[in-house]
Every structure is written in structure tokens, then in C-alpha cells.
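Protein chains in written order, with this note's numbering: chain U, 1443 to 1682; chain B, 990 to 1116; chain D, 81 to 783.
Each residue gets a CB set at the ideal place from its N, CA and C atoms; glycine is no exception.
Just so we're clear, the structure is a prediction, and the values are computed from it rather than from any experiment.
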Amino acid sequence: MQTPEIKSSECEEPKYGGMDRRTFLKTLAAAGIAATGGAAFMLPGTNLMVMPNSKGYLVVDMAKCMGCVTCMMTCSMVHEGESSLSLSRIQIQQSSFQNFPNDIHMAICHQCEDAPCVNACPVEADHVDVLFGNVRSIDPDRCIGCTQCIDACPWLPKRLQFNPKTKKVQKCDLCANTPYLDEKGGPGGTQSCVKVCPTNAIAYVEKMPKQDDPYAYNVNLRGEGWTHIGMSDEDYKLEG
Amino acid sequence: MANLRREDEMETIDKKRARHLLRTLDFDDWMMISVVFPPRSISQKRMRSLEEMELTLIPNEKMYPSIQPEKVLAWIEEKVGDKDLAAELEPIVADGSLNYLQKCVALGKAVNRRCDMLRAAAGGEDA
Amino acid sequence: MEESKNGFAGNILHLNLTTLDYEVIPTKKYEEWGGGNGLGTALFWDYCQDKTITDGRNAENVIVIATSPLNGTSTPSAGGRCELVGVGCGHYPIGWFTRSNIGGRFSSHMKFAGWDAVVISGKAPYPVWVEVENGKVVYHDAGSLWGENARKTQLRILSALDKGNNGWGWQPLPGKKDETSYTTQKPAVLCIGPAGEKQSTHAALVHDAGSTSAQGGFAAVFGAKNLKAISFLGTGSIDIHDPKKLVSARFRVKERYGVKVDDPTTDMQSWWGWLSRPGTLSFAGTVSDHYRIQACAGCIMGCRTRFDVGYGNETKCQATSWYAHFALHYYKGDKKKMSEVALKLADYCNDIGINTYTFAKSVHWLERLWHKGLLGKGKTIHTDLNFDELGSEKFGFEFVDAFAYRKDIGEFFADGFVQGAIKAGLESEWKEGHLDYCYWGVPSHGYDARAEVEWGYASILTDRDVNSHDFNAMFWAVTLATMRGLPYQIEAHEIAKLITDKLKPYVDTTNAINYADDNIYSDDVMNLTRWYIHYNRFWKNTALFCDLRWADLFDSSNPGNIGATADPEVGEQVYWNAVTGEGISFVDGLSRGHRIFVLQNAIWALQGRHRDMVYMADYIYDKKAEHSEFPFFMWPTKDENGTWRYTDLMHRKLDRAQFDDFKTRFYKAEGLDPETGWPTSETLDKLGLGFVKEELKQHGKLA
Chain U
1443 MQTPEIKSSE CEEPKYGGMD RRTFLKTLAA AGIAATGGAA FMLPGTNLMV MPNSKGYLVV
1503 DMAKCMGCVT CMMTCSMVHE GESSLSLSRI QIQQSSFQNF PNDIHMAICH QCEDAPCVNA
1563 CPVEADHVDV LFGNVRSIDP DRCIGCTQCI DACPWLPKRL QFNPKTKKVQ KCDLCANTPY
1623 LDEKGGPGGT QSCVKVCPTN AIAYVEKMPK QDDPYAYNVN LRGEGWTHIG MSDEDYKLEG
Chain B
990 MANLRREDEM ETIDKKRARH LLRTLDFDDW MMISVVFPPR SISQKRMRSL EEMELTLIPN
1050 EKMYPSIQPE KVLAWIEEKV GDKDLAAELE PIVADGSLNY LQKCVALGKA VNRRCDMLRA
1110 AAGGEDA
Chain D
81 MEESKNGFAG NILHLNLTTL DYEVIPTKKY EEWGGGNGLG TALFWDYCQD KTITDGRNAE
141 NVIVIATSPL NGTSTPSAGG RCELVGVGCG HYPIGWFTRS NIGGRFSSHM KFAGWDAVVI
201 SGKAPYPVWV EVENGKVVYH DAGSLWGENA RKTQLRILSA LDKGNNGWGW QPLPGKKDET
261 SYTTQKPAVL CIGPAGEKQS THAALVHDAG STSAQGGFAA VFGAKNLKAI SFLGTGSIDI
321 HDPKKLVSAR FRVKERYGVK VDDPTTDMQS WWGWLSRPGT LSFAGTVSDH YRIQACAGCI
381 MGCRTRFDVG YGNETKCQAT SWYAHFALHY YKGDKKKMSE VALKLADYCN DIGINTYTFA
441 KSVHWLERLW HKGLLGKGKT IHTDLNFDEL GSEKFGFEFV DAFAYRKDIG EFFADGFVQG
501 AIKAGLESEW KEGHLDYCYW GVPSHGYDAR AEVEWGYASI LTDRDVNSHD FNAMFWAVTL
561 ATMRGLPYQI EAHEIAKLIT DKLKPYVDTT NAINYADDNI YSDDVMNLTR WYIHYNRFWK
621 NTALFCDLRW ADLFDSSNPG NIGATADPEV GEQVYWNAVT GEGISFVDGL SRGHRIFVLQ
681 NAIWALQGRH RDMVYMADYI YDKKAEHSEF PFFMWPTKDE NGTWRYTDLM HRKLDRAQFD
741 DFKTRFYKAE GLDPETGWPT SETLDKLGLG FVKEELKQHG KLA
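In C-alpha cells:
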């Protein structure tokens, strides 16, 4: 299978508190703070939480999605062992009666650079998982179900899910913790939604999409193969 | 390749004859043919005139005519009454070297040429 | 309510419309029936008190809408189908107990809400619609919705059920044990439009923009019951016996049979098979370059389209082609206008809830009547419609409106076209084949019963046009290759082997697929027909694998052209067992299909079926199929020298006496009485159907 080439994502050097990375690291070094491979921490004298970037991200192509929700059913199966749309960490919303391309919206966790959900968690359940490529994930043993992380998520629909059975919150961990997946997940491993999608409308990338661009996570994954089957490869600016 | 008659070898058509050949036939003489929409659908319609047959014959990537060429030939000869055109189409229909769609294209082009001629003649002077 | 276990949601909802009440039935008692058609038939048997009724609009009728354990899971092209069973209307001479099926997301939401099926009995005292949200079931007065088309009905219900959200963009729903659960999804609604309300047999049930149940007349049954709509929204989970197995099987089927959407060398022209076939999209072309492929829940590759032009969403198949050729000519070859008219009309038919399947054959017949002076103002059949305008957009909409609102010829033919022909004294039109309705008062599918015999056999030996393309996949591949002058990717002798290998133990010879004139009544073809019926009754109608993708009897995307059906890695039984844990074989499923079929024969016996009425229309036996919609009808045949080739079968008629003999052998093989076609006591006992004997005996129908 060919890896689709992303044609229109705009990924650039992330900014740290307004500084570029080199200046920021020099500042940390000056403050005697190690910044390599550590978990999130508060920058002294500020209310700025510093967290290493995720080593991987999901991006989607909403024009390519066919709304089959196989990704959703698979996501809940690999994580919980049961098929559920409400427990899926990727959400596909659609309306039959709307015009293309606004008839489908794909909601993925952005693995935000300065993840508000991590920031908001009072018990460090929602954390940067250094064992799995700094993915922002929730430790179910620590979660108290206060849902402040959900409130903090800047996107709609919120990219975290409240599980009414366990009374805890969960979120996309790039398949880091998937007891029902026979392969290794997490950054560098398999992402089930990417693998199962019949149209390859979801991709895993290592370069962080532009954080201040609401359209950055919707990219064009349609190439020559797609046009060959009679479909369009036109770019669409869609908020994700 | 079918050995087609040259246009200048064909009968000279006057306006009345041209209009007759382009006419809408009586219902009992209409011919049912179909179009196939690949990969798997079909839609039927009765052909009421030579011009209607002309519209359907040449395939494109989305639509193929669904005809039995021998029957189309017979229809043109017996019902439309254009024996000249039928004679031109006969070698195409008989040409075993053409596949079905090639045959439709060749038939379609011949019918189209004939209809162009008839339309021009139908708008011309009376004999 | 019960919890989900092994693919079953655990609960069946019985709506008693007469009392506007409901009961919850544990699914456990019915699990042996699988789901879909099997579950529905068993429930019908238990809940319909008078099975002798012959028109589904009778208040005694019971409809069952049933899911399968595979719905709401990632089983490829089975996650989203939904089966409806009950006594239908519109068939001739009897409205048989029949079946229909829809796609989309209705069945998956029924499952997520905690339900395996809905049994609908009685008749509401006034129009109602039913809201189901997880375990909550509410009847609503549908007075203000009555008269609305299916699109507006759904939009109004969706608006009424929209609770807003708590700022999360998720809807809160009451879950189990009073906890709040959340969803981002919209309710899945199934409803009727004006045609269903007026109980026209041409009505369709509609879900979302383009999933429709049309065959069988169940929309008219809804209308007769004063039931406007049902909606489901669920936040629950479906328990999977072996989720790891299901996940890996789904990954594997994509690797082996998935459409290679990013591969520019994917051959669009020459695929042979169903599972790996690229999407079909609209059949009359598209009106814009901007659209998506859209799919039902869990599908491996979608067959529908959503456009950017404001119409045509999810229209497909013959709904988009029935009027296309008329429009092409009316608009003088303007293909873009043809596509526009075809899609607008298909969209309108879905909006208004009309079955377009019957139009594909009846419009030509009406055109004939018009020109014969039998249809028109003051004619034998009166109409104010001007058939000289057939092909125009205006005429198309007027024609559909006539049937939707039961006016003009829509009223005259409200019970069916064959029924109308007989009423007008024009029965000969049907018997001679001008009205190409060859079995049970429903139209030929285009795959002429004289050529593609298994299609006609299975249709007449069951209750309706079989609409199952298992073998027909081969017809299209061969026909298109022949038209294009391409070499056959799979030669006749090879395809015969590939197909018949999948039919074991029913057939053990390639002769079963040999449709030469001297073989179409053979035991081998008879056993192929039995496989066909059993496969459909279980794997397609009960487990709910979609007809557009399964059976995959051969597939050019796979080495050796071997199809996915019964494959040990990715065949139907793999998913069934991963979800249910039952550990059945593919053939076990066929046996279950046989059992379901025999139960249905018991119902048909009660309705009045006898083998003497099991015949296709006269013209199938009296007239050769000289005319076809297709230029040729290519099918594998074997000659006296044992040479296989694809042969044009467009030249023959069926023989009554030979078909009679075929039927006798079929009945015997099925365990039905060859004198009557009814189930025998011995067969019923053998298949664990002893519980039906008493009722059959009471009506003198136990053989």
C-alpha cells in the first residue's frame, strides 16, 4: 500500500512561550531545568506548563472519509474490547442531508503542543507519557472523573470521552494502551484507525501540525490513485 | 476495417425524403434499446427515430449502448426505410474483427454522418 | 434490560401499537435464529396470531425489524444492514410473508441502544412515531408529521430530539442505571412519506437520505398501522466474544481484498468479484466533480455518493437509472442534463418515500399503453399525465407524485401493476410479457429468468425478486469484458471451478454452473439453487452481509482469483465466530438458512401457497427471450465435448414440464412435500421446527 503524501499540511517550528526552540532551551538551561525527555512541568515563575511534544499525530482528510465509522468501532474494540461509538477516541459526525464536504466532520485528538487537558488535570492522570512518545494520555488508575480535562479541551466536539461505566475519562493515546490489539501501538507502532480505514482517510505523522491553524489537522491525503478511481483531489479547508 | 461506401455514391436525398427518413416512426415500429451504466446498471428506452438512435450509439466512459447490431440494422432498413444507410452499416455489423464497442462506435459514426446529411437536406430546397 | 453478550444486544422491543405500550423480550430465547431474517421469522411466528392473512395492510400483521450480532461491529460490509420481515403487500396473487433490507446506520444504532429487534404489532389509534433512546421508549403523536415527506419528517424529528449539549459538543443521554452517557451522533430514523401513509404498495421506508426499504410494501404496512417513524439513538456497547480476532480479521481483509484506493495502477475496468470492487456511485453519472464515496456502517468500500449540489445524496443503483434514458433523449443527448434530472428525481423519490424498482419496467409498459390508445384521458385507464412529455423533468416529478399521493394512475395501480392490468382487462399484456413482471407480481430484475436461471428459480421458489447478485457478479464481469473486447481475466472453465468449489457440499461438480439448454433443469443446478437460497437466508438475510459485497465467490484481487467467501482467514464465518463465539462453520450457516427457509414455507402454506401456483409468468414459458436489455447474456456453458465457454443465453424459454419436475426434486431435497410444497412432519421434527406442526395441522396444511 502506498503511503499517501500529505500535500497541504503546514507544519513549522513550534514556539515556546513566544520563543523559538533554541532560545527556549537556552532559557531552560540558564534556569537549570532539564528539558530533554522529561514529563510536563511548570516553568518557574510562570503559569506555563512545559511539556515535550508528542512524537506523533493523527491527521485526517475529511473529503476522503466515507462515514463508515469503522475507525470508531475498531478504536473502542482495541481499547475496551467492545464495539461502541460513544467510547471511541475518534469521532466521525455526519449528516446525510448536508452538502459535501460539510456532511462529515472527523474529530481527532490533536496531541496539542501545550495540551490544555494535561494542564487542567488536578491529579496528573492526564499526562505526557514519556514511555510512549510523549503521547498525551490518561492513566485510568489516577483519573477521578472530574472532567476538567474535557472542559479544558479547546475543540468541539471535545476530544476526550467520559466513560459512564468506569466513571473516568479517556482519550486518544495513539493506541499506546490497547490490550485488544495484536500489534504494538503508540508512536512508532500501529494506530488502529489508520490501519483499518478503507479509504486511508487518516494518517499518522511525526511532524506537528501548526498549532494556531484550525485547519491544519485536515490535510489532503488523496493522490493519483484516488483520481484514478474517478474522485477529485481538490483541497478543502475544513476545521478539524 | 469496414469498407464504407462514399457519400457521393449514396442516393441523392431530397428534402421530402430526408424528412421522411428523419421522421418519428409509428409506435409499433419503435425499437427498444438500452444504455448500460458500468459497472452494473441499465436503462431502457424505445427509439422513436433515427436521430434518437444516433444519440445513443456512440459509447463514452460512463455509458455504453446496449443493442443487438443485427436488429438495429434490420430496424433501419425495414422500419426507418433507409436502405442506403443499412447497406453502409451491413459490413460493419458483419465485421468480426471489431469488438462490440468498436462496432457501436463505427455504427454510431455512420448513423451520425447520415443524420447530418439528412438534416442538411431536410432544410434544403424541394426537388 | 439485559446486557450485551457475544454480539447480541440482549433485548427485543415489542411495540404494541394498539395499546401504545411496549414490552422488553430477552433475546436469549431467540439467539438460535441468529438475527435478521431468522430472528424476524421466528418472532413473526410467535407474535402474529393470524398467519393466513394475505395483505400486509391487515391490522393482524406483524412486522419485525431485526439486526444481527454483526451489526454495529467492524465486520466488513455487515455492520450496517438491517432486515425487515412480515406479510407484505403488492405481490400477486398473494401478499406473501416476505423480506426487505436497508443499509445505513439504523441497525447499528438499534444495537448501541441495546436492542436486537423491534416487533411491531397492532394498529395505533392515531398516527404516532416512536422514540427510542437507549432503554427509553416513548410514543409521540405524529399528527403534525403526517403528510410530511420522509426527508422533512427526519429533519423535524432530529430537531425535536436535539437536546443541545453541555458545551462539550456531545449529547447527554440517559444510560443504564441512571448514569448519563454521551454521544456525538444523530439519531437514526426510519420513516414513511405520503405514499406509505396512503398505503400504496409503491411506498418505501426511508432512513437518512438514501437507505430505503421498498420491496415488500412495508411502508404501506407502516401506514396501515398509523406508524410514521421510529428513531434509535444509543450510547451502549456491543460485547464481542473475541475482539482481537475481529480486529485482526478486519485488518487482514483490507490487505487481501480491500480496494487499493491510493494505487494508481488499480484496474478500474477489469475487476472480477464483489469484495474488492471500487465503489459504484451514481449510475447516471454525476452532476459535479465534487462528491464523496459514502458507506454504511462498517462497510469495506462504499457504494453511495454525497454531492455538493444540494441533491442526490446517497442515491444509487436503479433509482438513478430508471428515468435516465428517457431524459437523455428528451434533452437531445445532453448527458449533463440527463444526470441532473436522473439524480434530482432519485433524490425526490427518496425524499417522498417511493419505490423506484417497479418503475424500471412499468414505465415502458405505460408508454406502450399510451401509444396503443389504452391509457389517457377517458381511455381504458384514465390519466391526465401527458406521456408525450415522458423524459422531461416535469413529467418525471408528476409521475412520481401520482404514485406518492395515490392520484391518477397512482391510485389505479396502488395495489400493483399486475393487479392494475388485470383490473383493466389487460391481463394478456402481462401474460405476453409486455409487462415484464415475471414472478409474484414483481418485475424482472433485468437478469432474464430464461437466461440466468438461478435468479428466476430462487425468486419463484421464495417470495419475491431474490435481488442477490452472488452468481450475477460473473455475468457483469463477462458482459463488460465482452463489450470492450477485453480478454476474459477468468476463463469459463476456471470460473466454473472457482464458484463450485465454494458450493460444497451442495455440489461437487462444475456442472452446477453450466447453464447450457440441456442442463438448466439438472440436479446440479437444482442444488446450486438450494445453496443460493440457504446462503441468502442465513449469511445475507440473517447475519446481514451486504449483497453488494458478498458472496465473494471469485475475486481477481486475490491470488488464484479465489474469493473471500468461506475463506479461513476472512470468510463470513470468521467474523460470525469472532463476534458470537459460536464456532460454526460456513456450511453450518447454510444449514441454518435451510431451517429458516422451511419455517417460511410453513408460513406460506398457511397463507395459501401450493406448488400448483409456483410458476413464473406465462411468457417465461411461452416466449423466447429474444429481446434483452443486454446485447448478449454471457454465461458459462459446457458442450457435449466438455469444452467450457461463455455463451450467449439470450434465445430460449423455459419448459413448464421440465420446470415442474425440477420443482419436485427441489421440494424433495428441501424436505418439503412434493405434492403440495408444504413442510412435512418429518422435516419439521428434524429441523427442530416441531412447534409449527399444530398450527399447520389446524389449517390442514401439514404434509
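Residues T281, G297 and G496 of the same chain have their beta carbon placed closer than 6 Å to that of G170(D), with the five preceding and five following residues left out of the count. If you look at A1110(B), you'll find it isn't in any beta strand (DSSP E); it sits in the alpha helix (DSSP H) that goes Y1089 to A1111.
In the three-state scheme derived from DSSP, where H, G and I count as helix and E and B as strand, R372(D) is classed as strand.
Restricting attention to beta strand (DSSP E) runs no shorter than 3 residues, the region 384-411 of chain D encloses them at 384-387, ordered along the chain. For the region 1052-1063 of chain B, the beta-carbon criterion of a distance under 9 Å to any beta-carbon of chain D is satisfied by M1052, Y1053, P1054, S1055, I1056, Q1057, P1058 and K1060. Near chain D, meaning a CB-to-CB distance below 7 Å, the residues of the region 1584-1602 of chain U are I1592, L1598, P1599 and K1600. Among the CB atoms of chain U, one or more fall inside 7 Å of the CB of W248(D). Inter-residue distance for G640(D) and E82(D) is about 46 Å (C-alpha atoms, whole angstroms). Here the region 169-189 of chain D makes contact with the region 682-690 of chain D; the two share three or more CB pairs at distances below 8 Å. At a cut-off of 7 Å, the C-beta of Q265(D) has a neighbouring C-beta in chain U. The alpha-carbon of F710(D) is positioned some 21 Å away from that of I570(D). Residues of chain B with a Cβ closer than 8 Å to the Cβ of K412(D) are, in chain order, L1044. The DSSP assignment places 307-313 as complete runs of the beta strand (DSSP E) inside the region 305-349 of chain D, in order along the chain (cut-off: 3 residues). By the neighbour-count criterion, in which 16 or more other beta carbons inside 10 Å mark a residue as buried, P207(D) falls on the buried side.
Approximately 7 Å separates the beta-carbon atoms of C1639(U) and T1512(U); this is inside 8 Å, confirming the contact. Along the length of the region 1492-1534 of chain U, whole alpha helix (DSSP H) runs at least 4 residues long occupy 1512-1522, reported in chain order.
By the Cβ neighbour-count rule, P648(D) is exposed, with fewer than 16 other Cβ atoms within 10 Å of its own. By the rule that beta-carbons nearer than 7 Å mark a contact, R725(D) does not touch chain U. Residues of chain B whose Cβ lies closer than 9 Å to the Cβ of G565(D) are, in chain order, L1087, N1088, Y1089, L1090 and Q1091. Closer than 7 Å at the C-beta level to chain U, one finds no residue of the region 411-432 of chain D. L752(D) is bridged by DSSP to P759(D). Interface with chain D (7 Å Cβ-Cβ cutoff): N1561(U) is excluded. Looking at the DSSP output, W715(D) sits in a beta bridge with T727(D). Counting only residues of its own chain and dropping the five nearest sequence neighbours on each side, N96(D) has a CB closer than 7 Å to the CB of Y102, S201 and G202.
S1528(U) is classed as buried because its beta carbon has at least 16 other beta carbons within 10 Å across all chains shown.
For D604(D), same chain residues with a beta-carbon under 8 Å away, outside a window of 5 residues either side, are V587, T589, N591, A592 and N594 in chain order. The alpha-carbon separation between G471(D) and V443(D) amounts to approximately 11 Å. Close to chain D, meaning a Cβ-Cβ distance shorter than 9 Å, are the following residues of the region 1648-1673 of chain U: L1663, R1664, G1665, E1666, G1667, W1668, T1669, H1670, I1671, G1672 and M1673.
Of the other Cβ atoms in all chains shown, fewer than 16 fall within 10 Å of the Cβ of F771(D); this residue is therefore exposed.
A Cβ-Cβ distance of about 6 Å is found for the pair I1047(B) and V1094(B), placing them in contact under the 8 Å criterion. Cβ neighbours of C1591(U) within its own chain (closer than 7 Å, five residues either side excluded): C1559, A1562, C1563, D1568, L1602 and V1611.
With respect to A193(D), G314(D) sits close: the two C-beta atoms are nearer than 7 Å. For M730(D) and L776(D), the gap between their C-alpha atoms comes out near 42 Å. In the displayed model, V167(D) falls within a strand according to three-state DSSP.
DSSP, reduced to helix, strand and coil, places K1679(U) outside both helices and strands of the structure shown, so it counts as coil. Taking the C-beta atoms as reference points, V389(D) is found no nearer than 7 Å to E473(D).
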